[in-house]
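In the UniProt record's numbering, the protein residues as written are 1 to 786.
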């Protein structure tokens, strides 16, 4: 007990002595008297010029504190690099005995830093280098050795420490304040000048607990002459939590407000708001998770959920992005981007986007992508390979009227411009339609399906397209389009590896109503019917004009149950017939069109000129064949149709004989596509005259031939009668001769029969006599025997 009492007395005496020393220092020692020594030590030991113009105050218990005012720091004899109006620091003494750090405040007020980099890259915040080469080498060797020593001392810690083994003393910081801090940075080597003014406040800082953080920064940047200025204001607030044992941190309720001014921006200032519900960073697990991220700028609100894995070794990420409905037109207006005039002023009023993405450094997959624009809905999937760059994109959508977004069509303007090109337009080179260099870099696959699409006034019920791009070749195999009660399939190839792009096309059309298609596409409605087409075509060039002029190929076309709209070939033929008779027809008796059952023709295309030598049209009362050229570059046709008609039973001016019905009357169709179809086709009067002249000559020749045939028939009849009489007399004489011959032959036969009978009787009598004689002789012989 005595020793405990003595030890207690000793400790009390030591504490009293320490307290007395502290009181003595606080009362009798002025820290300002050490200014000269401090500046001298800094100059001699570190070649640092230290300016201490303000007061220095300190405290030792219960807070170990230090306060400095009006201080500046310079490297050597150079201008000051850093200065501040006031710096305060206070640390609790007793918690240090428990390996705990409790800080009441850390304040840095009026910080000014003037950082400069010379043209040779030398910074002003490092002491001037005056060492000799030997010293420099020695210093470098020492630095390398020191670095190696540090690396050797750190590396085992990194390799041996287990996750969560990091142990730091407990920290309690009531306030960290950096107020009116200004940092100027000038880099002559990079032609850069920047200035940042910041305020930072941290309160109630504790490990494993959330503490409020407030930061506002103003940054100004330009080149050394003040050009291309950029100014940004950023205000940040959040609750920050640091977990030292887990080596993790978390930001909650993060809010960042920014305002940026720069000449490159179409709108100034550009204000944005970033809000994050939570941001969690885990270093051992290499995970970064962001939830409830919301970005607002220019009337666009985007919500993002994101997560990054293994970001230090093999980064992978996943994200979900949702852009709420906004007005693209209003956005472009805020960006001071003037939209061209559109056919529908109500477009670009609403749009929204939703997508999910995941990937790594090699592959990014975005699936699904949902985009809505006005009445159009698009769904897409995309797979992107980054090394080497390639893609696989599939898009499906519905309800898109492209014409609503195109400039309005003004009647007559387009045709006039095309028909009368100015000298300026004629000499100005046309821009390339196909970006050749871009096409050469393409490497991927693209699939496209769209329902209810309208382009250039062509209504498409459904389009399906499958395309591959590789090595400067783009193939479409196939493209399927459903439109105008039929369907079209297409195989195509674009090759940009030659001297100029080449396009090969193999179309197939099945039952497409040609009149609404041509009318919607090019306002050409001169033919109607269900169209069937097969063929192969190719063209070269890099403009629409070149494509038209260098188009070549063959097509086989058949149109069923159709009509030549706006032109009545029967009327045209009847006009020619009536004109040859110096008469006129009654046009009210004829319809406006020429209906037909079938139209067939092979089309041969050479440099944009389409010829159809085998045209045949079959219709009731009309039979048409034709030949001619349709010029696509000139939008014109020069065609001659030969029409066979049965005439008109109700119009006397066009009544024809039966022999006329077999004739083929020429009708010439010549002009521009834009010409009035009523005057486009007209009868070939000269051709009609030749036909009727040939017909009259043929009738005269037929009459002469008939008379000649009659005379020849009469001569042949008389000749036949004389020959018949001669033949009759000859037959009678021959009959008489044959009768006399028959009588002579009968008499001869009778005489021959009589003589034969007499001879037979005589022979029989002689035989009987010989037989009797033989019998008598035999009897005589027998009598001699007996």
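Each residue gets a CB set at the ideal place from its N, CA and C atoms; glycine is no exception. Predicted, not measured: the structure shown is a model, and the values here were computed from it.
Residue i and residue j closer than 8 Å at C-beta
i           : j           : result
residue 559 : residue 599 : yes
residue 400 : residue 450 : yes
residue 629 : residue 643 : no
residue 335 : residue 374 : no
residue 501 : residue 490 : no
residue 408 : residue 341 : yes
residue 536 : residue 506 : yes
residue 369 : residue 360 : no
residue 494 : residue 474 : yes
residue 603 : residue 562 : no
residue 496 : residue 439 : yes
Cα-Cα separation, residue i to residue j
i           : j           : result
residue 671 : residue 638 : 7 Å
residue 51  : residue 196 : 24 Å
residue 565 : residue 524 : 10 Å
residue 740 : residue 724 : 24 Å
residue 249 : residue 242 : 4 Å
residue 532 : residue 701 : 46 Å
residue 778 : residue 765 : 19 Å
residue 206 : residue 270 : 36 Å
residue 549 : residue 610 : 11 Å
residue 795 : residue 738 : No answer is possible for residue 795: the residues shown for the chain start at 1 and end at 786.
residue 285 : residue 353 : 32 Å
residue 636 : residue 459 : 25 Å
residue 383 : residue 272 : 31 Å
residue 430 : residue 289 : With a pLDDT of 49 at residue 430, under the threshold of 50, the modelled position of this residue cannot be trusted; read the value that follows with caution. Taking the straight line joining both Cα atoms gives about 52 Å.
residue 553 : residue 673 : 22 Å
residue 183 : residue 437 : 46 Å
residue 771 : residue 761 : 15 Å
residue 606 : residue 503 : 15 Å
residue 191 : residue 113 : 19 Å
Under the three-state DSSP convention, the category residue i falls into
i           : result
residue 547 : helix
residue 532 : strand
residue 725 : helix
residue 428 : Note that residue 428 scores a pLDDT of 38, beneath 50, so its modelled location is shaky and nothing firm can be said.
residue 607 : coil
residue 443 : coil
residue 469 : strand
residue 701 : helix
residue 498 : coil
residue 111 : coil
residue 299 : coil
residue 584 : coil
residue 402 : helix
residue 577 : helix
residue 776 : helix
residue 228 : coil
residue 682 : strand
residue 333 : helix
residue 635 : coil
residue 664 : coil
residue 118 : coil
residue 84  : strand
residue 572 : helix
residue 286 : coil
residue 788 : Look at the range of the chain in this structure, 1 to 786, and you will see that residue 788 is not part of it.
residue 718 : helix
residue 21  : Because residue 21 carries a pLDDT of 47, less than 50, the predicted location of this residue cannot be relied on, and no value is offered for it.
residue 738 : helix
residue 771 : helix
Nearest-angstrom Cβ-Cβ length linking residue i and residue j, presumed shorter than 8 Å
i           : j           : result
residue 304 : residue 319 : 6 Å
residue 218 : residue 175 : The pair is not a contact, with the Cβ atoms about 23 Å apart (cut-off 8 Å).
residue 330 : residue 351 : At roughly 10 Å, the Cβ-Cβ gap does not stay under 8 Å, so residue 330 and residue 351 are not in contact.
residue 189 : residue 117 : 6 Å
residue 632 : residue 608 : 4 Å
residue 178 : residue 214 : The Cβ separation is near 11 Å, so there is no contact.
residue 210 : residue 239 : 4 Å
Query raised in the report: Looking at C-beta atoms only, is the number of pairs between the stretch 441-459 and the stretch 390-406 that lie closer than 8 Å three or more?
Result: yes
Requested in this report: Would you be able to state if there are at least three C-beta pairs under 8 Å between the stretch 568-578 and the stretch 591-607?
Outcome: yes
Query - Three or more C-beta pairs below 8 Å linking the stretch 280-296 and the stretch 258-268 - result: no
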